[in-house]
Amino acid sequence: MTNISAPAPAEIAADRPPAPGADRLAHNYHPLPVTLTSGRGAWVTGTDSRRYLDCLAAYSAVNFGHSNPQLLAVAHAQLDRLTLTSRAFDNDKLDEFAAALTDLTGTQMYLPMNTGAEAVESAIKVARAWGYRVKGVPAGQANIIVMDGNFHGRTTTIVSFSDDPSAYEDFGPFTPGFRRVPFGDATAVAEAIDANTVAVLLEPIQGEAGVIIPPADYLPSVRAITEQQSVLLICDEVQSGLGRTGATLESQRQGVTADLITLGKALGGGIVPVSGVVGRADVLGVLRPGEHGSTFGGNPLAAAVGREVVSILRTGRYQEAARRHGELLRKMLEPALGNGLTAIRNAGLWFGLDIDPAVGTGRDVCMRLMEQGVLAKDTHVQTVRLAPPLVITESEIETVVSALSRALDFSSER
Ligand SMILES: *Cc1c(COP(=O)(O)O)cnc(C)c1O
1 MTNISAPAPA EIAADRPPAP GADRLAHNYH PLPVTLTSGR GAWVTGTDSR RYLDCLAAYS
61 AVNFGHSNPQ LLAVAHAQLD RLTLTSRAFD NDKLDEFAAA LTDLTGTQMY LPMNTGAEAV
121 ESAIKVARAW GYRVKGVPAG QANIIVMDGN FHGRTTTIVS FSDDPSAYED FGPFTPGFRR
181 VPFGDATAVA EAIDANTVAV LLEPIQGEAG VIIPPADYLP SVRAITEQQS VLLICDEVQS
241 GLGRTGATLE SQRQGVTADL ITLGKALGGG IVPVSGVVGR ADVLGVLRPG EHGSTFGGNP
301 LAAAVGREVV SILRTGRYQE AARRHGELLR KMLEPALGNG LTAIRNAGLW FGLDIDPAVG
361 TGRDVCMRLM EQGVLAKDTH VQTVRLAPPL VITESEIETV VSALSRALDF SSER
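Position one of the sequence shown corresponds to residue 1 (full-length UniProt numbering), numbered consecutively onward.
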């Protein structure tokens, strides 16, 4: 089963001299040994002058392709006009962006931030303030229910409720006020709620956990329970939102309207960090001037790019491509089931592939894919994630599949 023609990862890594200055960079990532210099559409080019098909898309921040001409044009124009004012003054781009984004998502209000973690932190603060000021929870007693296997970012409060030791170990003391329950089990949510519960925070599909898709009735059940108990439902759609799964919002695809939704990654079109919380005006409205903010949040460059991302999503073209090409890729990968892969999970163009340990680890497979000109990222040892830019074509999908077939040594012809 093992592909003997693929070079061992150690050999590839040894071929590469350490880049000058590499020892000056904190070691908080373990990148594949490739250095990229340019990108267009679904492709990136390395310092080795090789072209690689990007099947990570910067964790879905590049959903609309590298160097998307429509987004670049807006960014270039705004760069020459006005880039940063702070929120001490209004800028002429932000109101329009807020209106367009809330229209697109069927929400009422937008709280602008920059990164995904900041959006989640903001939602947590808003939910707590709502709990004290509206629900009437006694001061300092609010709790929020979160899921096993969650990933919501890297801040100290967020890692406080992670169950991944590599995310939390040695970073305590931790923020109290969170209760973790199994993902996909609505009864566990119901049982964890008490009078001081202000919110349930979840990813509609768990991305970093390996593209884990809950049962179809899970999210609607959690919505019904939270509504009955006067508990906010916060859907973290930083990665699942904005086209990846074939929908503008994955929660809406699963038939649910959340009270707060965190967005990020693709909202910045792969150009600038743009994030935030959208949701109910009576919830986000609890924030008073001076209580929360960000120097860069809502800056005119971010707002101009975000506004154009909304225009792109409004066409539905990328959502449709994610659905159609997701189905195609799934069909083409099916021969690998039991042939190097032990499981295939996908929603649109978001794939979690579990690698048969006999073939190697996820990292081994990613190294072999890189040799075949395809860049992907492993997670949790045995899983490889595929999330190419949504501009990927049918023939590029064939390229991915043939690279995978060589990396896993599966073939429908054998
Ligand atoms: C990536 C991610 C975040 C964190 O976003 P950053 O921009 O890296 O801070 C939060 N939630 C989910 C679901 C994510 O996938």
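Here a beta-carbon is modelled for each residue, glycine too, at the ideal position from N, C-alpha and C.
For residue j and residue i, the rounded distance between their alpha carbons
{"i": "Val222", "j": "Gly46", "result": "45 Å"}
{"i": "Leu32", "j": "Cys55", "result": "13 Å"}
{"i": "Ser5", "j": "Thr379", "result": "Residue placement at Ser5 is poorly supported in this model, since its pLDDT is 44, which falls under 50; the coordinates still yield a value, given next. If I take the Cα positions, the gap works out to 24 Å."}
{"i": "Ile12", "j": "Arg180", "result": "In this predicted model, Ile12 has a pLDDT of only 47, less than 50, meaning its place in the structure is not dependable enough to derive any value."}
{"i": "Gly269", "j": "Gly246", "result": "17 Å"}
{"i": "Ala10", "j": "Thr361", "result": "Confidence in Ala10 is poor, its pLDDT being 44 and thus under 50, which makes the residue's placement unreliable; the coordinate value appears in the next sentence. If you take the alpha carbons of Ala10 and Thr361, they lie about 13 Å apart."}
{"i": "Gly290", "j": "Gly136", "result": "22 Å"}
{"i": "Glu398", "j": "Leu341", "result": "18 Å"}
{"i": "Ser402", "j": "Ser251", "result": "33 Å"}
{"i": "Pro165", "j": "Arg81", "result": "45 Å"}
{"i": "Arg330", "j": "Gln319", "result": "16 Å"}
{"i": "Asp23", "j": "Ala167", "result": "23 Å"}
{"i": "Gly140", "j": "Ala127", "result": "13 Å"}
{"i": "Val391", "j": "Phe151", "result": "26 Å"}
{"i": "Ile193", "j": "Arg314", "result": "37 Å"}
{"i": "Gln228", "j": "Gly210", "result": "31 Å"}
Opening and closing residue of the beta strand (DSSP E) in which residue i lies
{"i": "Asp378", "result": "Lys377 to Thr379"}
{"i": "Asp54", "result": "Arg51 to Asp54"}
{"i": "Arg324", "result": "Per DSSP, Arg324 belongs to no beta strand (DSSP E); it is in the alpha helix (DSSP H), Arg317 to Leu333."}
{"i": "Leu260", "result": "Leu260 to Leu263"}
{"i": "Asp236", "result": "Leu232 to Asp236"}
Per DSSP, cross-strand counterpart(s) of residue i
{"i": "Val400", "result": "The partner list for Val400 (beta bridge, DSSP) is empty, contrary to what the question assumes."}
{"i": "Ala195", "result": "Looking at the DSSP assignment, Ala195 forms no beta bridge with any residue, so it has no partner."}
{"i": "Arg40", "result": "Trp43"}
{"i": "Phe351", "result": "Asn346 and Leu386"}
{"i": "Cys366", "result": "Its beta-bridge partners do not exist; DSSP assigns none."}
{"i": "Gly276", "result": "Pro112 and Leu263"}
Whole-angstrom C-beta distance between residue j and residue i, which should lie under 8 Å
{"i": "residue 426", "j": "Val278", "result": "Nothing can be reported for residue 426: it is not among the residues displayed for the chain, which extend from 1 to 414."}
{"i": "Gln382", "j": "Asp354", "result": "6 Å"}
{"i": "Asn114", "j": "Ser294", "result": "6 Å"}
{"i": "Leu260", "j": "Ile234", "result": "5 Å"}
{"i": "Gly133", "j": "Val283", "result": "Reading off the sequence, residue 133 comes out as Arg, not Gly. About 10 Å separates the two Cβ atoms, so there is no contact after all."}
{"i": "Arg385", "j": "Gly352", "result": "6 Å"}
{"i": "Ala266", "j": "Leu94", "result": "Contact doesn't hold; Cβ gap of about 19 Å is too wide."}
{"i": "Gly348", "j": "Arg244", "result": "6 Å"}
Range covered by the alpha helix (DSSP H) that runs through residue i
{"i": "Val283", "result": "Ala281 to Leu284"}
{"i": "Ile145", "result": "Note, Ile145: premise wrong, no alpha helix (DSSP H); beta strand (DSSP E) at Asn143 to Met147."}
{"i": "Val181", "result": "No alpha helix (DSSP H) holds Val181; the beta strand (DSSP E) holding it covers Phe178 to Val181."}
{"i": "Pro112", "result": "No alpha helix (DSSP H) contains Pro112, which is instead part of the beta strand (DSSP E) from Met109 to Met113."}
{"i": "Val62", "result": "Neither: Val62 is in no alpha helix (DSSP H) and is coded neither H nor E."}
{"i": "Val159", "result": "Thr156 to Val159"}
Residue-chain proximity (residue i, chain C), Cβ-Cβ < 8 Å
{"i": "Phe174", "result": "Structure shown: chain C not included; a single protein chain is present."}
Ligand 2 heavy atom lying under 7 Å from the CB of residue i
{"i": "Glu121", "result": "In the structure shown, ligand 2 is absent; the only ligands present are ligand 1."}
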